[in-house]
Structure formats: C-alpha cells, structure tokens
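A short worksheet on the structure shown next.
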Amino acid sequence: AGTVSSTFTMVASNPTRLRVLVPNETPVAGSNANGRAGTVAAVPAGSTMTATVQITDSFWNLTPGASQQIRLTSSDPYAVITPSTFTLVGSQLVDVVFRRAAFNTVRAEMLTVPAPWGPSVVTDTSTVIQVTAGLPKNLLTLLPGESFDPGSPSGKAGTPVANTLAGLPLIVRVGIVDQFLNLVTGR
Numbered sequence: 001a002g003t004v005s006s007t008f009t010m011v012a013s014n015p016t017r018l019r020v021l022v023p024n025e026t027p028v029a030g031s032n033a034n035g036r037a038g039t040v041a042a043v044p045a046g047s048t049m050t051a052t053v054q055i056t057d058s059f060w061n062l063t064p065g066a067s068q069q070i071r072l073t074s075s076d077p078y079a080v081i082t083p084s085t086f087t088l089v090g091s092q093l094v095d096v097v098f099r100r101a102a103f104n105t106v107r108a109e110m111l112t113v114p115a116p117w118g119p120s121v122v123t124d125t126s127t128v129i130q131v132t133a134g135l136p137k138n139l140l141t142l143l144p145g146e147s148f149d150p151g152s153p154s155g156k157a158g159t160p161v162a163n164t165l166a167g168l169p170l171i172v173r174v175g176i177v178d179q180f181l182n183l184v185t186g187r
C-alpha cells in the first residue's frame, strides 16, 4: 500500500523564455517540447491575426508577474505588428497583419541585451503560418530588370533596364495580384 502525501501547490520557476502562440494553439505547461499544441490554419494576406505572447519558466509554465521589455518581428518584412515593442507582464495579446503571401513566422525577443549579470529570457519563434494571396484585384507589369516582390508597396523590386534599342524584342511580364500585390495563382 502506498502513502498519500499532503496537498501542495506547484508554482512556476523563474522566467527563462518567451512563447508566441498563434490562433488555434494552446499552451502546454510542463512540456519538454515547444510548449504549445494545436494545428495552425492558413490566413489570407491582410487579415488581422491575434497572437499571444507569454513569459514562461524553462518548462513552459506561465510566470505571472514576471516582466520583460520585448520586441516582435516577422519573417514577412511588410507585416504590421501592433504593438511591436512593449513591456510584457505575464501574457499579452498582439495583432499581426501579414502582407506577403508565404510561410511566415513571428519572433519574440528581448528589446535590449541585458548585462551579463542581468535577467535574460530565451527568444521564441512561432509555429509557421501559411499566408495565402487574396482575391484578384489588379495586373502588375514588370519590365526587364524588375522582379516580383509580393506584399511590398510597389509589388516589385529592381530597376528597369535603362536603354532598350528600337527594333529589339522587349519582354514584359504581367501578373494578376491581390490588394497586397501578391501573385494570385491559377489565373
């Protein structure tokens, strides 16, 4: 026969890492893996996605009351994150609007490098989110020397070739794009 211990309360340890949860993910406290579970759905470019940023201990237990100044960045250089820098106290919701149709992530990191003796938390990168192009909206024309740059303000990168000789072929590419200048496939 076994002996039953008295009741006790387990509390989180010192904060050591950040966690970024995206829609359809739930936190997994006590995890030895990445501290999250769930299947992430695709989102259309331009839609607002609400992510949750948390400060946790080394076993992904939320550490209420712990705080750290952090910055959020995205693999989509044209994404809008609100707020992108803030003092995180335990957990906070942030809005992310991806503009580039691609497989994107959100990364949480400390805003400043701490002194060697100061507190530090490990960065975290979200699960990959597939961002899809929206409905066809415009045509985008590229001249020689230009390439598609989805999600950017102009939709293209590069500089057109300066001198084109009369009588020679001029190859122009045209793409069907959504409102964020992502190529719409299948058209």
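Each residue of the sequence shown is one higher than the one before, counting from 1 in this note's numbering. No residue lacks a Cβ here, since even glycine has one placed at the ideal position from N, Cα and C.
Is there a C-beta anywhere in chain B that falls below 8 Å from the one on residue i?
i, result
"P64", "The displayed structure is made up of one protein chain only, and chain B is not part of it."
Here's the rule I'm using: 16 or more other beta-carbon atoms within 10 Å means buried, otherwise exposed. How should residue i be labelled?
i, result
"F8", "exposed"
"M10", "exposed"
"I129", "buried"
"S108", "The sequence given here places Ala at residue 108; Ser does not occur at that position. The residue in question, A108, is buried, as its Cβ has 16 or more Cβ neighbours within 10 Å."
"T56", "buried"
"V53", "buried"
"N61", "buried"
Do residue j and residue i have their beta-carbon atoms positioned less than 8 Å apart in this structure?
i, j, result
"S84", "L72", "yes"
"P15", "V121", "yes"
"V96", "S74", "yes"
"D149", "R19", "no"
"R17", "T127", "no"
"V177", "G155", "yes"
"N182", "G158", "no"
"I81", "M110", "no"
Looking only at its chain, what residues have a beta carbon closer than 8 Å to the beta carbon of residue i, apart from the 5 residues adjacent to it on each side?
i, result
"V161", "L143, P144 and G145"
"V131", "A42, V43, P44, A45, D76, F98, R100, A101, A102, F103 and N104"
"V174", "L139, L140, T141 and L142"
"T112", "Q69"
Can you tell me the Cβ-Cβ gap for residue i and residue j, rounded? I've got them flagged as a contact below 8 Å.
i, j, result
"P23", "A12", "No, P23 and A12 are not in contact; Cβ-Cβ is about 24 Å, not under 8 Å."
"A51", "L21", "6 Å"
"A45", "A133", "6 Å"
"T48", "G38", "About 19 Å; that fails the 8 Å criterion."
Can you list, in chain order, the residues of its chain with a C-beta nearer than 7 Å to that of residue i? Leave out the 5 residues immediately preceding and following it.
i, result
"P64", "G90"
"V184", "A133, P136, I176, V177 and D178"
Report all residues from its chain with a CB closer than 6 Å to the CB of residue i; omit the five preceding and five following residues, and keep chain order.
i, result
"F59", "G30"
Quick one: does the C-beta of residue i sit closer than 7 Å to a heavy atom of the ligand SAH?
i, result
"T159", "The ligand SAH is absent from the structure shown, which contains no ligands of any kind."
Original post:
Between the segment 87-96 and the segment 134-150, are three or more C-beta pairs nearer than 8 Å?
Top reply: Touching, no.
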